[in-house]
Amino acid sequence: QQQVKQSPQSLIVQKGGISIINCAYENTAFDYFPWYQQFPGKGPALLIAIRPDVSEKKEGRFTISFNKSAKQFSLHIMDSQPGDSATYFCAASISRDNYGQNFVFGPGTRLSVLP
Amino acid sequence: GAVVSQHPSRVICKSGTSVKIECRSLDFQATTMFWYRQFPKKSLMLMATSNEGSKATYEQGVEKDKFLINHASLTLSTLTVTSAHPEDSSFYICSARGRGELFFGEGSRLTVL
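Top to bottom, those sequences are chains A and B.
Per our numbering, the first sequence starts with residue 1040, numbered consecutively.
Per our numbering, the second sequence starts with residue 450, numbered consecutively.
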């Protein structure tokens, strides 16, 4: 119920291509879905997030697509660049719970963008 | 800029010694902070939830006496790895929830010789 599944485990994309990472969840109480980007030796950094009242959110080259009925959401990186090479984690949480252990993370996707 | 500061970023210690890692929220008060452990090429493993003014809540399998957590103020939580051994070598990351978001520290690489 608390698990967030993420795929693929690793992804190799050519420069300029589109990177797509998918996540799925079970708990319908989740209402906040962030994506984090982590470079080696660094902590994760919030990249983009979406709430279920919209089906898509775009910030620059990064887009989240959200399918509430399927309980799935995905990250699209357009015009992928070598600097995007990192590990990406999706997460899900219950926003009304300000104190609980309610951020559940996917296992991560290692993205490599080839020059 | 960073909203959660973690220190030190790297620490090397001898087996049997204790190491303290600090996590500070810089521009918001955090009644709750989280501590994670991350193994190479793996996801974040939640170790414990640090609650200001009360005892931390540990995840199953995490030794309370090994990983001491203190959350003495609304902006500071500390993780002390006591009597460290080589198997405690890992990347430790803290996070704090503020303004509805979850912010992470830069992480601390612990190497126990």
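Glycine included, every Cβ here is placed at the ideal spot set by N, Cα and C.
Because the structure is a prediction, the values reported are computed rather than measured.
Residue(s) in a DSSP beta bridge with Pro457(B): Beta-bridge pairing links Pro457(B) to no other residue.
Please report the Cβ distance between Ile542(B) and Gln487(B), rounded to the nearest whole angstrom; I am assuming they are in contact, meaning their Cβ atoms lie under 8 Å. That belief holds up - the Cβ atoms of Ile542(B) and Gln487(B) are roughly 6 Å apart, short of 8 Å.
Residues of its chain near Leu1086(A), where Cβ-Cβ distance is below 7 Å and the 5 sequence neighbours each way are ignored: Excluding sequence neighbours, Leu1086(A) sits near Trp1074, Tyr1075, Gln1076 and Phe1101.
Using CA coordinates, which residue listed in Lys1054(A), Gln1041(A), Ser1049(A) and Val1043(A) is at the minimum distance from Gln1120(A)? Measuring C-alpha to C-alpha distances from Gln1120(A) to each of Lys1054(A), Gln1041(A), Ser1049(A) and Val1043(A) identifies Lys1054(A) as the nearest.
How many angstroms separate the CA atom of Gln455(B) from the CA atom of Glu555(B)? Gln455(B) and Glu555(B): Cα-Cα distance of roughly 6 Å.
So with Cβ pairs under 8 Å, would you call Ser499(B) a contact of chain A? Output row for Ser499(B): interface = no.
Please go through the stretch 1067-1136 of chain A and give each complete beta strand (DSSP E) segment of 3 or more residues, from N-terminal end onward. For secondary structure counted as the beta strand (DSSP E) over 3 or more consecutive residues, the stretch 1067-1136 of chain A holds these complete runs in sequence order: 1072-1077, 1084-1089, 1095-1098, 1101-1106, 1111-1116 and 1125-1131.
At the level of alpha carbons, what is the spacing between Val530(B) and Met482(B)? Straight-line measurement puts the Cα of Met482(B) at about 17 Å from the Cα of Val530(B).
Quick check on the DSSP output: the beta strand (DSSP E) that includes Ile1060(A) runs from which residue to which? Annotation: the continuous beta strand (DSSP E) that includes Ile1060(A) extends over Ser1058 to Tyr1064.
For Gly1139(A), I'd like the list of residues in its chain whose CB is within less than 6 Å of its CB, leaving aside the five on either flank, ordered along the chain. Here Gly1139(A) scores only 49 on pLDDT, less than 50, and its place in the model should not be relied on; the value that follows carries that caveat. Contacts found: none.
Any chain B beta carbon closer than 8 Å to Ala1084(A): Interface criterion met: the Cβ of Ala1084(A) is under 8 Å from a Cβ in chain B.
Taking 8 Å as the CB-CB cut-off, is Ile542(B) touching chain A? Closer than 8 Å: yes.
In the structure shown, what three-state DSSP assignment does Glu512(B) receive? Three-state result, Glu512(B): coil.
Work out the CA separation of Glu512(B) and Leu525(B) for me, nearest whole Å. Roughly 21 Å separates the two Cα atoms.
8 Å contact criterion, which Phe1069(A) and Ala1131(A) should meet: CB distance rounded: Right, the Cβ-Cβ distance comes to about 4 Å (below 8 Å), so this counts as a contact.
Can you find a CB in chain B that lies within less than 8 Å of the CB of Phe1072(A)? For Phe1072(A), the answer is no, since every Cβ of chain B falls outside 8 Å of its Cβ.
By the criterion of Cβ-Cβ separation under 9 Å, what are the contact partners of Pro1146(A) in chain B? Residues of chain B passing the Cβ test: Lys491 and Ser492.
Can you tell me whether DSSP reads Glu501(B) as helix, strand or coil? Residue state, collapsed to three classes: coil.
Once the 5 residues before and after Tyr485(B) are set aside, which same chain residues still bring their CB inside 8 Å of it? Residues Leu493, Met494, Leu495, Met496, Tyr541, Ile542, Cys543 and Ser544 of the same chain have their beta carbon placed closer than 8 Å to that of Tyr485(B), with the five preceding and five following residues left out of the count.
Taking a contact to mean a Cβ-Cβ separation below 8 Å, would you say Ile470(B) touches Thr527(B) in this structure? Cβ atoms of Ile470(B) and Thr527(B): closer than 8 Å.
Neighbouring residues, chain A, relative to Gln455(B) (Cβ below 8 Å): Under the 8 Å cutoff, chain A gives Gly1082.
Output yes or no for whether 8 Å exceeds the beta carbon distance between Gly1099(A) and Tyr1127(A). With respect to the 8 Å criterion, Gly1099(A) and Tyr1127(A) are not classified as neighbours on the basis of their beta carbons.
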